[in-house]
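All remarks here apply to the structure that follows.
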Amino acid sequence: MDDKNTFIAVPEPLTPQWLTTVLRLAGVLQEGEVRSVEIETTGAFNSQTNHLFLRYSEAASVDAPRRLILKQNGQSTWEQEAGMEEVKFYQLVASLPDHPSVIIPCYAAASDEQRRNSYILLQDLSETHRPPVTRDQQISLVEGVPAAADIEAVIETLAQIHAYWWDHPLLRKNVFDVGYWSRNAERFDLYLRRRRNSWESLLAHEQAWFPGELRELYEQVLDHVSHHWKQYLEPRFREMRNLTLVHGDSYFANFLSPKKPGTGVTYLLDWQSPTVDIAGYDLANLCAAFWTPEQRNEQQREEKMLRHYHTVLQKHGVTNYSWDDLLTDYRTGLIFWLLMPVQDGSDGAGKEYWWPKMHCLVAAFQEWDCHRLL
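Here my numbering is used: the first residue of the sequence shown is 2, the next is one more, and so on.
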């Protein structure tokens, strides 16, 4: 195993000695040692993530990293699994020298399989980069539209990643889940049962006020989505055709763009749930989950994003995937994401989160005539 993939339990509190050991194993600290570290928490809701500010002994190289991000898993089962998946992703990317350089540089990624603990040590880019919008801006909808240059850069980053992984031989190696909900009839049946249970749970709490027209729409989708799986998804996964590695949570707040547009790379972070699937899942999350119809349609923003994405795919070698193919996959992504607010509400998310998200996705579902695919 690569030295930087060797798990060394993170002490509490974090010590300069631990950082010295990890950075030496990573090959970025040949001489000298970390003398002190200042820690600043990020307040991340789904992990233990901190900014680290390092000071070194005089013998250390001037090129030794001074600012780092240390991300550790939380202790819930989901957070442990997500941390393990993210470590696996960074380890895999490190083994692929031709991978697009749109993933944050990683100095260490390691996990303890027995205790289900993990960490990644990343370059801290906060001096030069920032998210196009913050998570709070994204979910509030009001300030959720980034600058045009940031949108273009985000699309290029996502398309480059998707193009690299498009029908890649590694997708067949079961490194990551293939079609987590869609790869076969058994998985899809499990998915549908879970969504039906979530729907019934949500209605049990909200039926007194839940609009009748939305209730009818959701029940029609749940009644007919199995036809969509049989016609559109089952053949794709059986043939492993036009699939890629999707991020799973690719909304704007999970990108980092240069503070000065055009002066650097736009990165995609938080790889906690990579899966082999159709690209439309990431696109629907990005373009529809947190945008109103007005935001999507202003100056044809949504369509321009999709066209730019398709152009970048083609530029990076994706063939036999037409514009119409992309639109079908985008509609499939909208169908998938339409049911996510139901899951969110059933799992205990506040109405202030899942209700606006539901409105955004219902509007996109209807505007794109997604019912025709059911």
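Glycine residues also receive a C-beta, built at the ideal position from the N, C-alpha and C atoms.
{"Asked": "Starting from Glu299 and walking both ways along the beta strand (DSSP E), at which residues does that stretch end?", "Found": "No beta strand (DSSP E) contains Glu299, which DSSP labels as neither H nor E."}
{"Asked": "What residue range is occupied by the uninterrupted alpha helix (DSSP H) comprising Ser347?", "Found": "341-347"}
{"Asked": "Straight-line CA distance for Gly334 to Arg25?", "Found": "43 Å"}
{"Asked": "In whole angstroms, what is the alpha-carbon distance linking Gln367 and Asp278?", "Found": "23 Å"}
{"Asked": "So Val134 and Phe253 are supposed to be a Cβ contact under 8 Å. How far apart are they, rounded?", "Found": "5 Å"}
{"Asked": "Just to confirm the assignment: which complete beta strand (DSSP E) runs, minimum length 3, are found wholly within the stretch 199-285?", "Found": "245-247, 256-259, 276-278"}
{"Asked": "In the stretch 5-42, which residue ranges form an unbroken alpha helix (DSSP H) of at least 4 residues, counting only runs that do not cross its ends?", "Found": "17-27"}
{"Asked": "Please go through the stretch 109-185 and give each complete alpha helix (DSSP H) segment of 4 or more residues, from N-terminal end onward.", "Found": "136-141, 149-166"}
{"Asked": "Give me the residue from Tyr219, Val155, Thr7 with the minimum Cα distance to Ser251.", "Found": "Val155"}
{"Asked": "For Leu55 and Val38, which I take to be in contact (beta-carbon distance under 8 Å), what is that distance rounded to the nearest angstrom?", "Found": "5 Å"}
{"Asked": "Helix, strand or coil for His52 per DSSP?", "Found": "strand"}
{"Asked": "Could you tell me the alpha carbon to alpha carbon distance between Gly318 and Asp168, rounded to whole angstroms?", "Found": "11 Å"}
{"Asked": "Run through DSSP, which three-state label would Leu362 get?", "Found": "helix"}
{"Asked": "Name the DSSP bridge partner or partners of Cys107?", "Found": "Leu123"}
{"Asked": "Mind checking who Trp336 pairs with in its DSSP beta bridge?", "Found": "Strictly speaking, residue 336 in this sequence is Ile, with Trp absent from that position. DSSP lists no partner for Ile336."}
{"Asked": "Under 7 Å, do Asp330 and Gly281 count as touching if we go by C-beta distance?", "Found": "yes"}
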